[in-house]
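Working notes, beginning with the structure itself.
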Amino acid sequence: MKRPEQDAPSNPVATKQESSHLSPEKISFRRAAEVGLGTMRPRKKLSYSPDGSRLVCGVVALSDDKRKILVVESTHRKNHWVLPKGGYETDEATPEDAALREAWEEAGITGHIVKCLGEIPDPRLVTTTSPSTPPTTPPSNNSAIPQGAAPTKIVRNKSLFIFFEVGVDREESHWPEMHKRTRRWLTFDEASKCFEKMGRPELLEAVKRSSVLR
Numbered sequence: 007m008k009r010p011e012q013d014a015p016s017n018p019v020a021t022k023q024e025s026s027h028l029s030p031e032k033i034s035f036r037r038a039a040e041v042g043l044g045t046m047r048p049r050k051k052l053s054y055s056p057d058g059s060r061l062v063c064g065v066v067a068l069s070d071d072k073r074k075i076l077v078v079e080s081t082h083r084k085n086h087w088v089l090p091k092g093g094y095e096t097d098e099a100t101p102e103d104a105a106l107r108e109a110w111e112e113a114g115i116t117g118h119i120v121k122c123l124g125e126i127p128d129p130r131l132v133t134t135t136s137p138s139t140p141p142t143t144p145p146s147n148n149s150a151i152p153q154g155a156a157p158t159k160i161v162r163n164k165s166l167f168i169f170f171e172v173g174v175d176r177e178e179s180h181w182p183e184m185h186k187r188t189r190r191w192l193t194f195d196e197a198s199k200c201f202e203k204m205g206r207p208e209l210l211e212a213v214k215r216s217s218v219l220r
């Protein structure tokens, strides 16, 4: 059966390299070769969007009949299930590479990109403070100390998610995080209830954008 052509993902950061438009086979085989069965690649620096949100790439991996979604157990909350995802590292050429690496490390699957599901802002917000700016004019006679702009508070999304629908080629019995988390196949209804209970609307939105059967 011929695989669907890969959709070109949007590029969230202007300074990141444009997608290489590798075929699904080249992406999955290259990533599997780099990672290696049972190992995790050393962590590199993470990528951020222009507003400071951390870039996170993830997958909605579907069964062959598109009736079930592969989820993994959260390492922070037992019996809570999430989509495989993780930080987009600076040495990774494309978001697809990061998503397939996370699929392997967290869920033990190798596969091919079916389509990009787009960007989804993290509803969780963080507040940071910008540094004060230096004065732009010299002090006047009435002001011995020049005054710059005061620090300002900036509210932004904690992360910016980029999800991809993935077809599963292999589901291995051993994978890097097998001792930290388990995996499970859920129907759309089961996954939806789980994400709603956990308060993770971004995960639910990614699933809704996929081709999973309702």
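In the numbering used here, the protein residues as written are 7 to 220. Think of the CB as a built atom: it goes at the ideal place given N, C-alpha and C, for glycine as much as any other residue.
Beta bridge counterpart(s) of residue i as assigned by DSSP
i, result
"CYS200", "CYS200 is not bridged to any residue."
"ALA67", "VAL172"
"PHE167", "VAL62 and ILE126"
"TRP191", "LEU76"
"VAL88", "VAL78"
Span of the alpha helix (DSSP H), counted from its first residue to its last, around residue i
i, result
"PRO127", "Run containing PRO127: none in the alpha helix (DSSP H); it sits in the beta strand (DSSP E), 115-127."
"VAL213", "207-215"
Start and end residues, beta strand (DSSP E) containing residue i
i, result
"ASN163", "159-163"
"GLY92", "91-93"
"THR134", "131-135"
Close-in-space but distant-in-sequence residues of the same chain around residue i (CB under 6 Å, 5 per side omitted)
i, result
"GLY42", "With a pLDDT of 41 at GLY42, under the threshold of 50, the modelled position of this residue cannot be trusted; read the value that follows with caution. Here the set comprises nothing."
"VAL161", "LEU131 and THR133"
"GLU178", "GLY114"
"SER65", "Reading off the sequence, residue 65 comes out as Val, not Ser. PRO90, ALA105, ALA109, PHE170 and VAL172."
"LYS32", "Annotation note: pLDDT 37 at LYS32 (below 50); position unreliable, no value reported."
"GLU112", "VAL78, PRO90 and GLU183"
Buried or exposed (CB count within 10 angstroms, at least 16 for buried), residue i
i, result
"ARG206", "buried"
"ALA105", "buried"
"LYS91", "buried"
"ASN163", "buried"
"ALA156", "exposed"
"GLY58", "exposed"
"LEU209", "buried"
"THR158", "exposed"
"ARG73", "exposed"
"THR135", "exposed"
"TRP87", "buried"
Own chain residues within Cβ distance below 7 Å of residue i, not counting five before or after
i, result
"MET184", "GLY114"
"SER217", "LEU68, LYS72 and GLU171"
"ALA197", "ILE75, VAL77 and VAL213"
Beta-carbon proximity list for residue i, same chain, < 8 Å, skipping 5 on both sides
i, result
"ALA212", "GLY64, VAL66, LEU89, LEU123, ILE126, PHE167 and PHE169"
Three CB pairs or more closer than 8 Å across the region 179-190 and the region 76-96: yes
Stretch-stretch touch, CB-based, cutoff 8 Å, three pairs: the region 105-124 with the region 198-205: Between the region 105-124 and the region 198-205 there are fewer than three inter-stretch CB-CB distances shorter than 8 Å, so the stretches are not counted as touching.
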